[in-house]
Amino acid sequence: MSLFWRIFGLNAVVLGTATALLLWAPVTVSVPVVLAEAVILVGGLAVMLVANAVLLRVGLAPLDRLTRLMTTVDLLRPGQRLPARRGHGGVPELIRTFNAMLDRLEAERATSSARVLFAQEAERRRVSQELHDEVGQSMTAVLLELTRAADQAPEPLRGELQQAQEITRESLDEVRRLARRLRPAVLDDLGLVSALTSLTGDFATHTGLGVRRRFDTDLPSLDHETELVLYRVAQESLTNVARHAEAERVEVSLRHSGDRVVLGVSDDGRGTGIVHEGAGIRGMRERALLLGAALDITSTPRAGTQVRLTVPAPRERS
Numbered sequence: 029m030s031l032f033w034r035i036f037g038l039n040a041v042v043l044g045t046a047t048a049l050l051l052w053a054p055v056t057v058s059v060p061v062v063l064a065e066a067v068i069l070v071g072g073l074a075v076m077l078v079a080n081a082v083l084l085r086v087g088l089a090p091l092d093r094l095t096r097l098m099t100t101v102d103l104l105r106p107g108q109r110l111p112a113r114r115g116h117g118g119v120p121e122l123i124r125t126f127n128a129m130l131d132r133l134e135a136e137r138a139t140s141s142a143r144v145l146f147a148q149e150a151e152r153r154r155v156s157q158e159l160h161d162e163v164g165q166s167m168t169a170v171l172l173e174l175t176r177a178a179d180q181a182p183e184p185l186r187g188e189l190q191q192a193q194e195i196t197r198e199s200l201d202e203v204r205r206l207a208r209r210l211r212p213a214v215l216d217d218l219g220l221v222s223a224l225t226s227l228t229g230d231f232a233t234h235t236g237l238g239v240r241r242r243f244d245t246d247l248p249s250l251d252h253e254t255e256l257v258l259y260r261v262a263q264e265s266l267t268n269v270a271r272h273a274e275a276e277r278v279e280v281s282l283r284h285s286g287d288r289v290v291l292g293v294s295d296d297g298r299g300t301g302i303v304h305e306g307a308g309i310r311g312m313r314e315r316a317l318l319l320g321a322a323l324d325i326t327s328t329p330r331a332g333t334q335v336r337l338t339v340p341a342p343r344e345r346s
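Put into structure tokens, the structure is as follows:
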């Protein structure tokens, strides 16, 4: 039954019942209307309106649920659906169409996100290579020239050249660190555990925070795409800790549980109670969406924040 005939039928039932009561009820209307008759008519009208409202509320309840879902649906949290109802036309057809639209939008969002992220990684690889090969080599040549000039220069020029040496050496180290952040060569060469070990080591060195690593030794073999997503989520999580958490210690874990690989990053910072999802967190959700993974972020006031990425095994995803 379509929505039009559903509402028409409900109103017809209420008005037909009211008409039947007026025809067969032993109630008459005088002219002018006496108080008792007015009370009966007003009471009947009130009952009719209440009955009509209740029936319409029941009949239109699926539309209310659909409206609430429309206001809360997020394509980065796939799987939000309304249960499909049997029947043709009207509300059931609207719900099925909306669910089909969500399926299509989620598939298109995953495809477009994959293209963007792959292009981003390719650009990062290119910039990292140029920093390492072009800028790094040029700064190394400058450093060698400064060293040779400092060895031959008299005082006090030698001291100034040595100071320029130190500045150049620090800048070269920073360029190399940026190149590693853009594209960690250790991830390609030695795998995920070594890359996370290097990442957390650099993080501890530059922030002064204590880092605890807990990596399982029986991790399954992961494809490069999965390892890259796990690495980037850990990298972004540590960046958020350094910027916002006001923490003293961080724990990074990588565990194997059944057909799942679980990455965890937790800190002992101030927490917020409410997770404000900026560009960094939404970027993590975009990456999780590529693998069909589940990203959970909880933040407790004065108890820190926990990031948990649960990735299905590659054979299960395929």
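Residue 127 in my numbering is what sits at position 99 of the sequence shown, and the numbering runs on without skipping anything. Yeah, the Cβ is synthetic: ideal placement off N, Cα and C, and Gly gets one too.
CA-CA distance, residue i and residue j?
i, j, result
"VAL339", "THR95", "32 angstroms"
"GLY219", "ARG124", "44 angstroms"
"ILE325", "ASN127", "26 angstroms"
"GLY292", "ALA331", "16 angstroms"
"ARG197", "GLY187", "15 angstroms"
"LEU88", "ARG152", "52 angstroms"
"ALA207", "GLU264", "16 angstroms"
"ASN39", "GLU253", "59 angstroms"
"HIS284", "LEU122", "42 angstroms"
"GLN193", "THR235", "25 angstroms"
"ARG132", "PRO106", "11 angstroms"
"PRO90", "LEU282", "43 angstroms"
"GLU173", "GLN157", "23 angstroms"
"ARG241", "MET129", "43 angstroms"
"VAL290", "MET98", "31 angstroms"
"THR243", "ALA135", "Checking the displayed sequence, the identity of residue 243 turns out to be Phe instead of Thr. The alpha-carbon atoms of PHE243 and ALA135 are separated by roughly 33 angstroms."
"THR245", "MET312", "25 angstroms"
"ALA262", "LEU189", "40 angstroms"
"VAL82", "VAL303", "39 angstroms"
"ALA177", "THR333", "51 angstroms"
Please list the terminal residues of the continuous alpha helix (DSSP H) segment that includes residue i.
i, result
"ASP217", "213-218"
"ALA177", "164-180"
Might you give, ordered along the chain, the residues of its own chain that have their beta carbon closer than 6 angstroms to the beta carbon of residue i, omitting 5 neighbours on each side?
i, result
"GLU314", "SER141"
"LEU237", "VAL278"
"GLU344", "Below a pLDDT of 50, predicted positions are generally treated as unreliable, and GLU344, at 44, falls in that range; no measurement from the model is reported."
"VAL257", "ARG315 and LEU319"
"VAL269", "ALA275, VAL278 and ASP295"
"HIS160", "ALA207"
"ASP179", "none"
Since residue i is in the beta strand (DSSP E), which residue starts that stretch and which ends it?
i, result
"LEU4", "Past the boundaries of the shown model lies residue 4; the chain is included only from 29 to 346, so the question cannot be answered."
"SER265", "Element bounds for SER265: not the beta strand (DSSP E) but the alpha helix (DSSP H), 252-268."
"VAL203", "Where VAL203 is concerned, there is no enclosing beta strand (DSSP E), although the alpha helix (DSSP H) it sits in stretches over 185-210."
Residues in its own chain within less than 8 angstroms of residue i by CB, not counting five upstream and five downstream?
i, result
"TYR7", "Residue 7 is absent from the model: the chain starts at 29 and stops at 346."
Can you name the residues that DSSP bridges to residue i?
i, result
"ALA322", "THR338"
"GLU279", "ARG240 and SER294"
"ARG109", "Answer by DSSP bridge pairing: none, since ARG109 is not bridged."
"ARG132", "Answer by DSSP bridge pairing: none, since ARG132 is not bridged."
"GLY332", "THR328"
Should residue i be counted as a contact of the ligand FAD given a C-beta to heavy atom distance under 7 angstroms?
i, result
"GLN193", "Ligands displayed in this structure: none; no statement on the ligand FAD is therefore possible."
Take residue i and list the residues in its own chain whose beta-carbon comes closer than 7 angstroms to its own, dropping the five residues that flank it on each side.
i, result
"ARG93", "LEU110"
Would you be able to state if there are at least three C-beta pairs under 8 angstroms between the segment 154-169 and the segment 199-207? yes
Cβ contact check for the segment 70-88 and the segment 34-48: 3 or more pairs under 8 angstroms: yes
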